[in-house]
Amino acid sequence: MDEFKKEIVKLLAAKSFAVAESLLEVPPDHKMGDYALPCFTLSKELKKSPAQIAKDIVKNVEPNAMIVKIEAVGPYVNFFVSSEKLAEIVFEDAFKLKNDYGKSLIGRDKEVMIEYCGPNTNKPLHLGHIRNMLIGATLSNAFEACNYKVVRANIINDRGIHICKSMLAYQKFGHDREPDKKPDHFVGDFYVIFAKKSEEDPKMEEEVYEMLQKWEDGDKEVHALWKKMNNWVYKGFDETYTNLGIKFDINYYESEYYKEGKKMVMEAIEKGLFSKDDDGNIVADLSQYKLPKKVVLRADGTAIYVTQDMYLAKLRFDQYPKMDKLLYVVGSEQNLHFQQLFKILELMHFDFAQRMVHVSYGMVNLPSGKMKSREGTVVDADDLINEMTGVALVEVKKRYPELGEKETMNRARIIGMAALKFFFIKHDPMKDFVFNPAESISFDGETGPYVQYTYARISSIIAKNNGKVERAINYSLLTEDVEKRLIRKIAEFPVVIEATVSGLKPPLLSRYLLDLCQAFNEFYHSCPILQSDEELKNARLLLASCTRQVIKNGLTILGIDYLEEM
RNA sequence: GGGCCUGUAGCGCAGCCUGGAUAGCGCGACAGCCUUCUAAUAAAAUUAGAAGCAAGCUGUAGGUCGCGGGUUCGAAUCCCGUCAGGCUCACCA
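Here it is, written out as structure tokens:
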């Protein structure tokens, strides 16, 4: 919509009112106009009252074909754009570009890696992982829509004491059984068994450390067990990823890198970048960044998490030398860790440190209360996915009892996942929130199904017209206020996608879709489509069709499917 | 105790970066929203059901934008202080 802003600036400049485009704003109420110029800042310069300046502008500046009306309201000058021109500009884009409408070129083929999920292989994925993956996947899609090349990366925590706990319990109590349920849950059960049994038998705590030692020494038997159980877990994870529509381009396994950071630390210590503390640990002094010091290598020479992270960051920039950004989607409890990691790398003179970003997010809770793994109130990801599908299933059956079982299930799954995903994504990542399954599945309110429903509603209207949408229409017919508002909303879409990417804020996109759907439903309510005269019908059908296209493109970025009928 | 984050209607949230006109949205509450057909009826009113682009829409009520200062012509927005909650300050990840 830059066209209109530019035109306004040009009009003003012609009468020697020098105004920057950025000064123009959108009035709080559309009835006031499409753009507004507050005259306060001009007041000093011209030594007149803002209201007087507004009047002067209106007196001197003539409307034209694009800007059809100019009004002074107090200290503001309000501009009204030609709805005909507006419709023409928007529809030319939206209707022609179809699935590409809204896409942006700001990425210019730059590479971005987005790391998300980060599971442990001792137990199934939980509620927190769902939030993580949905943020990661949405950002990935949004970056792609802005013409970035996106590498979706997963970091898998496949080693360590917690993994050995599941392994030891299986070794003792598993009797070589094969999984008789979803295999990651099967493994997770042994993690729980360990917790119980080790209370009765404290010796198990020692045994588990022995097992970790054996693993690190490359003991064949332990490694065989480790591989077997991890493979079960991966199989289970894959199922969950598929159900959620999550994909990765590359997996990084902690077991392959955990020792590698050591060399980096040793080199840095020779350059005098790190020092030793009293216990012999190697420490990065970050006081110049006003951060607490950080141990980067244990006194015994073993690596810790940052050591591995340092190496992995370097590895990734070696693998993708042109990488413009490396995003880590990781919970807010690790804020300090990432601040330290980035500054340590800066201290080591890696210029890529500037290109790393921590995408932080808060906790998800349930109405039943806080989620704590120690108290066993962790909400399992698969359980939640099944619950959502189940709730949706009841609704679908109620409305379409005659539908076949396969189609019923398909719709239930699509609606259930839309409810889940939309509810998660619409919340500001920074904030904790409570996930309410019942609320999320509602067709009313700010929900995924509401958006899907609007899509289906438009589809049904178009289907009633035998699927025909005329492209050549008389733009001057769309003069109603609600029509204009909807057109303007459609025009906003490309801006929203760019803002989602530049601000790393998935909620912007979901909020936008809600606004769009609401604008459509208002339009629909007050402007009959199919019952209008031929010309007007065609114009409104095109408007509806463009709206549907934007909903589809938006949902696609959110990883949400749409239905032609609900 | 230090650092980071959060505090906006009964509840759930957006707006804050980049200061402007009456602070938006959703849930909940309350009041409303067209036509046709079928049934009950002598008819109408009415009620119930179905279909119609129809799980949607409109309106009303509901606010010390945590609190106190400051900057500014103007502050939910910027600055300082303060209170409350979360996270964090490991040789965990």
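Oh and the first sequence: position 98 is 97 in numbering that gives the first Met the number 0, straight run, nothing missing. The beta-carbon is built from N, C-alpha and C at its ideal position, and this holds for glycine as well.
query                                                                                                                                                                    : result
What does the alpha-carbon distance come out to for the pair A267 and L285?                                                                                              : 14 Å
Should L272 and L346 be called a contact, given that it needs their Cβ atoms to be closer than 9 Å?                                                                      : yes
For the segment 89-154, list the beta strand (DSSP E) runs that are entirely contained and at least 3 residues long, ordered along the chain.                            : 110-114
Under a three-way DSSP split, which group does M565 fall into?                                                                                                           : coil
To which residues of the same chain is S139 closer than 6 Å at the C-beta, ignoring the five residues directly before and after it?                                      : I113, V149, R151
Based on the DSSP output, what are the partners of F432 in its beta bridges?                                                                                             : V363
Examine the Cβ distances between the segment 297-311 and the segment 86-97 and report whether three or more of them are shorter than 8 Å.                                : no
Name the two residues that bound the continuous beta strand (DSSP E) containing M322.                                                                                    : 322-330
Give me the Cβ distance between N77 and E70, rounded to the nearest whole Å; I'm assuming they're in contact under 8 Å.                                                  : 5 Å
Could you compute how far the alpha carbon of E158 sits from the alpha carbon of K246?                                                                                   : Checking the sequence shown, residue 158 turns out to be Arg, not Glu. So the two alpha carbons sit approximately 22 Å from each other.
Using alpha carbons as the reference points, say which of L529, I486, Y511, T453 lies closest to E563.                                                                   : T453
Please confirm whether L508 and A136 have their CB atoms less than 9 Å apart.                                                                                            : no
Using CA atoms only, rank isn't needed, just tell me which of M362, S441, K483, R410 is closest to I571.                                                                 : The question about residue 571 has no answer here: the residues shown for the chain are numbered 0 through 565.
P65 by DSSP, collapsed to three states: which one?                                                                                                                       : Strictly speaking, residue 65 in this sequence is Met, with Pro absent from that position. The answer is coil: DSSP assigns M65 none of H, G, I, E or B.
Can you check whether the CB of N146 is closer than 9 Å to the CB of I105?                                                                                               : yes
Should P448 go down as buried or exposed, given a rule of 16 or more other Cβ atoms within 10 Å for buried?                                                              : buried
Using a Cβ-Cβ cutoff of less than 8 Å, which residues in the same chain neighbour K9 once the five nearest sequence positions on both sides are dropped?                 : none
Between the alpha carbons of I155 and N385, how many angstroms are there, rounded?                                                                                       : 24 Å
So, E433 versus L365, is the Cβ gap smaller than 9 Å?                                                                                                                    : In the sequence on display, residue 433 carries Val and not Glu. Yes, these two residues count as a Cβ contact at 9 Å.
For the putative contact between M210 and V221, defined by C-beta atoms under 8 Å, what is the C-beta separation to the nearest angstrom?                                : 6 Å
Please report the distance separating the alpha-carbon of S372 from that of E479.                                                                                        : Here the model assigns S372 a pLDDT of 45, short of 50, so the residue's position is not dependable, and the following value carries that caveat. When rounded, the distance between both Cα atoms is 55 Å.
For D55, does the three-state DSSP call read helix, strand or coil?                                                                                                      : helix
For M355, name the three-state secondary structure that DSSP assigns.                                                                                                    : strand
Just checking, does the segment 119-131 make contact with the segment 516-535 on the three C-beta pairs under 8 Å criterion?                                             : no
Determine the closest residue to M166 out of Y190, P506, G279, R398, with distance taken between C-alpha atoms.                                                          : Y190
So who's on the other strand from V468, going by DSSP bridges?                                                                                                           : Looking at the DSSP assignment, V468 forms no beta bridge with any residue, so it has no partner.
In the DSSP assignment, the alpha helix (DSSP H) including I160 goes from what residue to what residue?                                                                  : 160-172
Around the Cβ of R410, are there at least 16 other Cβ atoms within 10 angstroms (buried) or fewer (exposed)?                                                             : buried
Kindly identify the DSSP beta-bridge partner or partners of K293.                                                                                                        : A283
Put R373 into one of helix, strand or coil per three-state DSSP.                                                                                                         : With a pLDDT of 42 at R373, under the threshold of 50, the predicted position of this residue should be treated as unreliable, though the coordinate-derived value follows. The answer is coil: DSSP assigns R373 none of H, G, I, E or B.
Within the same chain, show all residues whose beta-carbon is closer than 7 Å to that of G235, passing over the 5 residues directly before and after it, in chain order. : P123, K181, P182, D183, H184
How close, in whole Å, do the beta carbons of E445 and L503 come, if the pair is a contact with beta carbons under 8 Å?                                                  : Incorrect: roughly 21 Å between the Cβ atoms, too far for contact.
Any chance you could list the alpha helix (DSSP H) runs of at least 4 consecutive residues sitting entirely within the segment 220-270, in chain order?                  : 253-256, 260-269
For G375 and N435, I'd like the C-alpha separation in whole angstroms.                                                                                                   : Unreliable placement is indicated for G375, whose pLDDT of 49 sits below 50; the coordinate value is still reported in the next sentence. Going by the C-alpha atoms only, they are around 19 Å apart.
In three-state DSSP terms, what is P74?                                                                                                                                  : coil
Please name the residue, chosen from Q338, K397, F351, K463, that lies closest to D317 on a Cα-to-Cα basis.                                                              : F351
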